[in-house]
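K.L.:
The structure's right below; bear with me while I get my questions together.
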Amino acid sequence: MIVFDLQCGEGHGFEGWFDSGEAFERQLASDLVRCPVCDTAAVTRVPSARVSVPKGGDATAPARPESIAGMPPDLLAKLREAVRATENVGRRFPEEARKIHYEEVPHRAIRGEASADEARALIDEGVEFAPIPPILTRESH
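Quick note, the sequence shown lines up with residues -5 to 135 if you use my numbering.
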């Protein structure tokens, strides 16, 4: 996985996680990369913090605050409210998302967990979803 710092045409900054640079370009060209704040597909990469890898060690990136933490408090509260209105289906997310997509169950807002392979398969099937930054699921803020 590779993490890119992204910014939309409205100036909203966010991160995107992709299997590769080519995967990012492919998703960008298909308008699958969208701003989590305003939903525009007018997204570009912006410079990222350098990542250093000590010899024989793991990659470490400099500590930085979560990009969403600088968001206006009223917007952050509304986003958290939207997340609270979802059903947390945990590891059943791929299965439940497919059932909703294929209209096997009534539509409802869900959230949960999916591996990179599961997320890729959902994208390939046309199942729409978006990652939720952990800061939106935490109660203490």
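A virtual CB, placed ideally from N, CA and C, is assigned to each residue, including glycine.
Spatial neighbours of L73 within its chain, please: C-beta separation below 7 Å, excluding the five flanking residues on both sides.
P.N.:
Here the question's residue 73 lines up with position 79 in the sequence shown. Same-chain partners within the cutoff: L130.
K.L.:
Would you please state the rounded distance, in angstroms, between the beta carbons of T149 and E4? I believe it to be under 8 Å.
P.N.:
Residue 149 lies beyond the stretch modelled for the chain, which goes from -5 to 135, so this question has no answer here.
K.L.:
In whole angstroms, give me the CA-to-CA distance for V(-3) and V99.
P.N.:
For this step, residue -3 is matched to residue 3 along the sequence shown. For this step, residue 99 is matched to residue 105 along the sequence shown. Whole-angstrom Cα-Cα distance: 34 Å.
K.L.:
Kindly indicate which three-state DSSP category G7 falls into: helix, strand or coil?
P.N.:
Taking the first residue of the sequence shown as 1, we reach residue 7 at position 13. Strand.
K.L.:
Express the C-alpha separation of V37 and L22 in angstroms, rounding to a whole number.
P.N.:
Taking the sequence shown and counting its residues from 1, one reaches residue 22 at position 28. Taking the sequence shown and counting its residues from 1, one reaches residue 37 at position 43. Distance between the alpha carbons of L22 and V37: 8 Å.
K.L.:
Going by beta carbon distance, what residues of the same chain come within less than 8 Å of V27, once the five residues before and after it are set aside?
P.N.:
Counted from its first residue, the sequence shown places residue 27 at position 33. If we look at V27 and ignore the five residues flanking it on each side, its Cβ neighbours are L0, G10, F18, Q21, A35, V37.
K.L.:
Using C-beta distances below 7 Å, list every residue in its chain close to A57, excluding the 5 sequence neighbours before and after it, in chain order.
P.N.:
Numbered from 1 along the sequence shown, position 63 holds the residue referred to as residue 57. Caution applies to A57, whose pLDDT of 43 falls short of 50 and renders its modelled position unreliable; the value that the coordinates give is listed next. There are no such residues.
K.L.:
Put G15 into one of helix, strand or coil per three-state DSSP.
P.N.:
Within the sequence shown, the letter at position 21 stands for residue 15. If DSSP states are grouped into helix, strand and coil, G15 belongs with the helices.
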